[in-house]
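K.L.:
Here it is: the structure, laid out below.
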């Protein structure tokens, strides 16, 4: 019920020029669409400073419909909800670890606004523009008749995945105070995407622009029907190995509403924030998108773009942090996880596991057999792995010194179990990776467990 | 005794334009200086194709003096000789492993010609030129009075170090058929160098040239009194962290004749071939040196420069390949070695060792305490390390299957022991590094050993 003069604040608005859209009228509709405003303590501060008047309710005041009311249902057995409106979730570990492909209804959701309702598949049109000038528009039916269907298995991952690990290892990061402060490692999944190759569509649509000498300095801006927009350098998209798609299918079925039905960008090896959903327009531009998600977020401390996924990454999916687990009869502990080379797509050479906090390491077995043959050319997919890691011998309790921990197993069975992946060039996950506002953390993946010896644990099992 | 028309061959001559120096006269003096001609089978082929006449000996023919006769003496207990004239050697492992600094009289020698005799320290002059135009000349006494003395501990390493490991892992390389085919890992050493900082000398000598916008695209050409010449991009030398020197002292004493007395370039993190000895001239140039050692050698397969040392490197110095060794009473084996980050100078984070060919790895202890405090800023030095690696349990001999090797220890005590280093960014040595003509190999360092159990081995020890 307030009247606010935002002239000064408009420059600081994290959403950039978007605030101008609401000038001179009722802000409620915008706030319900960009529902984040209800989650940020900064909003209350900004409102206090900009208020210049107060509105009196009248009989004309109507309560608008709930813009999120028609969001699709989500299965709570597969999603760890991080934010209800807009819906944001991690895929649960127990779902991620059981199959090579992440089930469609379990893939993490990262929405910025209500899920838009778009016309049925073939009729939906994507507009193409050079700068602001329209160049063409094509329905999905036209695109799929003109360009061959391509299928690529690729990890999709939010740039903020493992933000909580980053904070734990390097101190407070850019996620502090947001609903994503506790973000674990479930904002990712391995999906088989199908559609048309973006490089072919762009070359056919912009034949002159993409052959001139400065073509590779340009950017491709993607616009979504939810109002979200971001861009990616054209060079990354034209690279044949990058396998960028206008995707219409995931895991062999049409995209679901939460994942961009009827079409979205899929940019393997690039942070999920660039793979725009509910794609309505693709623009070739001399400059990157000025939308807030491109201009203000997903930047490193030094202001440079968070573009690619971390170069080498691995994750323990089973057991999970702080779990109480039973050792195998041979004194080892069974682990499961995934590994992938996010940025380069260079092949994963090995995954190693440690049960003593990183003093000794043992090779895990990579489940290479389940990789689909076509995916070997440019490996954007993950590899699942399994390992039986030898547990350290428990130390005897002593009053003379601090009970040792991490290096030798402690007397109460607590130990720190870690994994790390290597690519063929010897790049591995560092113990702690360099700080970049909490994005793209890829330090060793560690969980702290309490291990019960086999004989002790067995009777209590069902 | 032949007359040769080398007009056509001159273009193919591996030494480039140097062949013109000998045109129209007796070639013997040049051949004795560049003694390599007596070691290459290619020379015989070239001579056969270019011969156009034959000389008849006369009473005027004199046998010239032996240009190598006054080379300094070398200690055969510290050097593994690879070539006698010019002298080329590796430092023996047993010398490398006993101290943080490599003793001056043990440091590997890589000579291309006879050792030149230069005037005593302070009187020796270094000429400076811009292109071909002389700019200044300074005696070492003048340089040391004008610029502060700087001391840097840095690994010096030949680009071909570990060429034999490269050939074993990746097949025949550019060293095949040369005296360096069997090159081990002893063409390196860790030395405390003192002198004046090259960046300061260059900025004072070329104040205009080094502040103009295109300065960093230039090259610094170094000329040695032996006729050897090479160049390095100016940007690498001006970088303060690179710690490049005009060095006059090693390990606190004046340079020895084999190591460039009275002064040489020291370019830490850059292949030894660029650290020109017996320095007589330094030229700023728009283009790299066209001397053969710069234009024809030290190139990768794709023609790009072999500039920097490999990024992460470690070496087992004790025990050595094929050695028969005695296990410790706890079933472990003691190892010693060194590790360094050649190219970037980024800090070494860890060294790991394996006794099962790379299936399991254990942290080595880094001897950080012996690093001199001033060397911590930009670590060009190596770290020595020690480790007691757990030996795999011997497998029982069986006639049913092939005796396993590498993964489990075999029944005869043979095992493959490996080491690898990690830097703080997670870069480690790959299992096998990419082929680049045999230069800069940094795959896992492995030795094959026969391990005798402690009880069996002990009685035979003195």
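Chains as they are written, first to last, in my numbering: chain R, 28 to 489; chain D, 28 to 489.
Positions of the beta carbon are idealized from the N, C-alpha and C atoms, including for glycine.
Since this is a predicted model, take the numbers as computed values, not measurements.
Once you ignore the five residues that flank residue 427 of chain D on each side, which residues in its own chain have a CB closer than 7 Å to its CB?
P.N.:
Position 400 of the second chain holds residue 427 of chain D. Annotation note: pLDDT 44 at residue 427 of chain D (below 50); position unreliable, no value reported.
K.L.:
Count the other C-beta atoms from every protein chain shown that fall within 10 angstroms of the C-beta of residue 214 of chain R, then say buried if there are 16 or more, exposed otherwise.
P.N.:
Here residue 214 of chain R is taken as the residue at index 187 of the first chain, counted from 1. Label assigned to residue 214 of chain R: buried.
K.L.:
Touching or not, the stretch 126-140 of chain R and the stretch 215-225 of chain R, by the rule of three or more beta carbon pairs under 8 Å?
P.N.:
Yes, they touch.
K.L.:
Of all the options R:173, R:278 and R:150, which has the alpha carbon lying nearest to the alpha carbon of residue 221 of chain R?
P.N.:
Looking up residue 221 of chain R in the first chain gives position 194. The candidate whose alpha carbon is nearest that of residue 221 of chain R is R:278.
K.L.:
To the nearest angstrom, report how far apart residue 274 of chain R and residue 250 of chain R are at their CA atoms.
P.N.:
For the purposes of this step, residue 274 of chain R is taken as residue 247 along the first chain, with counting starting at 1. For the purposes of this step, residue 250 of chain R is taken as residue 223 along the first chain, with counting starting at 1. Looking at the two C-alpha atoms, the distance is approximately 14 Å.
K.L.:
If you measure between the beta carbons of residue 162 of chain D and residue 156 of chain D, is that distance less than 8 Å?
P.N.:
As a working note, residue 162 of chain D is residue 135 in the second chain. As a working note, residue 156 of chain D is residue 129 in the second chain. Yes.
K.L.:
Can you confirm whether the stretch 115-125 of chain R touches the stretch 197-205 of chain R when touching is taken to mean that 3 or more C-beta pairs between the two stretches lie within less than 8 Å?
P.N.:
Contact between the stretch 197-205 of chain R and the stretch 115-125 of chain R is absent, because fewer than three Cβ pairs lie under 8 Å.
K.L.:
Have a look at D:171, D:210, D:83 and D:197 and flag the residue whose alpha-carbon is nearest the alpha-carbon of residue 189 of chain D.
P.N.:
In the second chain, counting from the first residue as 1, residue 189 of chain D sits at position 162. Of the candidates D:171, D:210, D:83 and D:197, the one whose C-alpha sits nearest the C-alpha of residue 189 of chain D is D:210.
K.L.:
Could you run through the stretch 382-411 of chain D and flag, in chain order, every residue whose CB is less than 7 Å away from some CB of chain R?
P.N.:
Here the close residues are 386, 387, 388, 389 and 390.
K.L.:
Could you check whether the Cβ of residue 378 of chain D sits closer than 8 Å to any Cβ belonging to chain R?
P.N.:
Taking the second chain and counting its residues from 1, the one referred to as residue 378 of chain D is at position 351. Not closer than 8 Å to any Cβ of chain R, the Cβ of residue 378 of chain D fails to qualify, so no.
K.L.:
Measuring only the C-alpha atoms, how far is residue 366 of chain R from residue 347 of chain R?
P.N.:
Locating residue 366 of chain R in the first chain gives position 339, where the first residue counts as 1. Locating residue 347 of chain R in the first chain gives position 320, where the first residue counts as 1. Each residue's Cα considered, the two are about 16 Å apart.
K.L.:
Around the C-beta of residue 97 of chain R, are 16 or more other C-beta atoms found within 10 angstroms, so that it is buried, or is it exposed?
P.N.:
In the first chain, residue 97 of chain R corresponds to position 70, counting from 1. Its Cβ having fewer than 16 others within 10 Å, residue 97 of chain R is exposed.
K.L.:
Ignoring anything shorter than 4 residues or poking outside the stretch 259-316 of chain R, list the alpha helix (DSSP H) runs there in chain order.
P.N.:
Those alpha helix (DSSP H) runs which fall completely within the stretch 259-316 of chain R and span 4+ residues are 261-265.
K.L.:
Report the residue from R:368, R:315 and R:76 whose alpha carbon sits nearest the alpha carbon of residue 405 of chain R.
P.N.:
Taking the first chain and counting its residues from 1, the one referred to as residue 405 of chain R is at position 378. Of the candidates R:368, R:315 and R:76, the one whose C-alpha sits nearest the C-alpha of residue 405 of chain R is R:368.
K.L.:
Using beta-carbon positions only, say whether residue 71 of chain R and residue 32 of chain R come within less than 8 Å of one another.
P.N.:
Stepping through the first chain from its first residue, residue 71 of chain R is reached at position 44. Stepping through the first chain from its first residue, residue 32 of chain R is reached at position 5. For residue 71 of chain R and residue 32 of chain R, no; Cβs fall outside 8 Å.
K.L.:
From the DSSP output, in three-state form, read off residue 380 of chain D for me.
P.N.:
To locate residue 380 of chain D, count along the second chain from 1; it is residue 353. Of the three classes helix, strand and coil, the one that applies to residue 380 of chain D here is strand, per DSSP.
K.L.:
Decide if the stretch 467-479 of chain R is in contact with the stretch 472-479 of chain D; the criterion is three or more beta carbon pairs, one per stretch, under 8 Å apart.
P.N.:
At 8 Å Cβ cutoff, the stretches do not touch.
K.L.:
CA-CA distance, residue 304 of chain R and residue 54 of chain R?
P.N.:
As a position in the first chain, residue 304 of chain R is number 277, starting the count at 1. As a position in the first chain, residue 54 of chain R is number 27, starting the count at 1. Distance between the alpha carbons of residue 304 of chain R and residue 54 of chain R is about 25 Å.
K.L.:
For residue 314 of chain D, count neighbouring Cβ atoms within 10 angstroms of its own Cβ and tell me buried if that reaches 16, exposed if not.
P.N.:
As a first step, residue 314 of chain D is located in the second chain; it is residue number 287 there, counting from the start. Exposed, since its Cβ has fewer than 16 Cβ neighbours within 10 Å.
K.L.:
According to DSSP, simplified to helix, strand and coil, what is residue 431 of chain D?
P.N.:
Looking up residue 431 of chain D in the second chain gives position 404. Any reading at residue 431 of chain D must be qualified, since the residue scores a pLDDT of 41, below 50, and its modelled position is unreliable; the value itself is stated next. Three-state DSSP puts residue 431 of chain D in coil, outside helix and strand.
K.L.:
Does residue 454 of chain D have its Cβ less than 8 Å from a Cβ in chain R?
P.N.:
On the second chain, position 427 is the one that residue 454 of chain D refers to. So, interface residue.
K.L.:
Is residue 451 of chain D close to chain R, meaning its C-beta is less than 8 Å from at least one C-beta of that chain?
P.N.:
Along the second chain, read from residue 1 onward, the residue named residue 451 of chain D stands at position 424. It does; some Cβ of chain R falls within 8 Å.
K.L.:
Can you look up residue 104 of chain R in the DSSP assignment and give me helix, strand or coil?
P.N.:
On the first chain, residue 104 of chain R is found 77 positions in, with the first residue counted as 1. Three-state result, residue 104 of chain R: coil.
K.L.:
Taking only beta-carbon atoms, is residue 458 of chain R less than 8 Å away from chain D?
P.N.:
Along the first chain, one-based indexing puts residue 458 of chain R at 431. Output row for residue 458 of chain R: interface = yes.
K.L.:
In chain order, what residues of the same chain have a beta carbon less than 7 Å from the beta carbon of residue 429 of chain D, not counting five sequence neighbours either side?
P.N.:
On the second chain, residue 429 of chain D is found 402 positions in, with the first residue counted as 1. Interpretation of residue 429 of chain D is limited by its pLDDT of 45, a score under 50 that renders its predicted location unreliable; the figure taken from the coordinates is listed afterwards. The answer is none, since no qualifying residue turns up.
K.L.:
In whole angstroms, give me the CA-to-CA distance for residue 403 of chain R and residue 267 of chain R.
P.N.:
Your numbering for residue 403 of chain R matches position 376 in the first chain. Your numbering for residue 267 of chain R matches position 240 in the first chain. Going by the C-alpha atoms only, they are around 14 Å apart.
K.L.:
Who are the Cβ neighbours of residue 256 of chain D in its own chain at under 6 Å, not counting the five residues just before and after it?
P.N.:
On the second chain, position 229 is the one that residue 256 of chain D refers to. Excluding sequence neighbours, residue 256 of chain D sits near 250, 316 and 318.
K.L.:
Which residues in the same chain have their Cβ closer than 7 Å to the Cβ of residue 284 of chain D, if we skip the five residues on either side of it in sequence?
P.N.:
Taking the second chain and counting its residues from 1, one reaches residue 284 of chain D at position 257. Closer than 7 Å at Cβ, skipping near neighbours: 99 and 142.
K.L.:
Label residue 194 of chain R either buried or exposed according to how many other C-beta atoms from any shown protein chain fall within 10 Å of its C-beta, with 16 as the threshold for buried.
P.N.:
Here residue 194 of chain R corresponds to residue number 167 of the first chain, with the count starting at 1. Answer is buried; the Cβ neighbour count reaches 16.
K.L.:
Run the CB neighbour count on residue 469 of chain R, radius 10 Å, all protein chains shown included, and call it buried at 16 or more, exposed below.
P.N.:
To locate residue 469 of chain R, count along the first chain from 1; it is residue 442. With 16 or more Cβ atoms within 10 Å of its Cβ, residue 469 of chain R is classed as buried.
K.L.:
Go to residue 80 of chain D, then tell me how far its beta strand (DSSP E) extends in each direction, as first and last residue.
P.N.:
Translated into the one-based positions of the second chain, residue 80 of chain D becomes position 53. Note, residue 80 of chain D: beta strand (DSSP E), 78-81.
K.L.:
Start and end of the alpha helix (DSSP H) containing residue 55 of chain R?
P.N.:
Stepping through the first chain from its first residue, residue 55 of chain R is reached at position 28. Residue 55 of chain R -> alpha helix (DSSP H) spans 55-60.
K.L.:
Using the Cα positions of residue 339 of chain D and residue 465 of chain D, report the straight-line distance between them to the nearest angstrom.
P.N.:
Indexing the second chain from 1 puts residue 339 of chain D at position 312. Indexing the second chain from 1 puts residue 465 of chain D at position 438. Approximately 16 Å, taken between the alpha carbons.
K.L.:
To the nearest angstrom, how far is it from the Cα of residue 80 of chain D to the Cα of residue 302 of chain D?
P.N.:
The count along the second chain starts at 1 and reaches residue 80 of chain D at position 53. The count along the second chain starts at 1 and reaches residue 302 of chain D at position 275. Residue 80 of chain D and residue 302 of chain D: Cα-Cα distance of roughly 41 Å.
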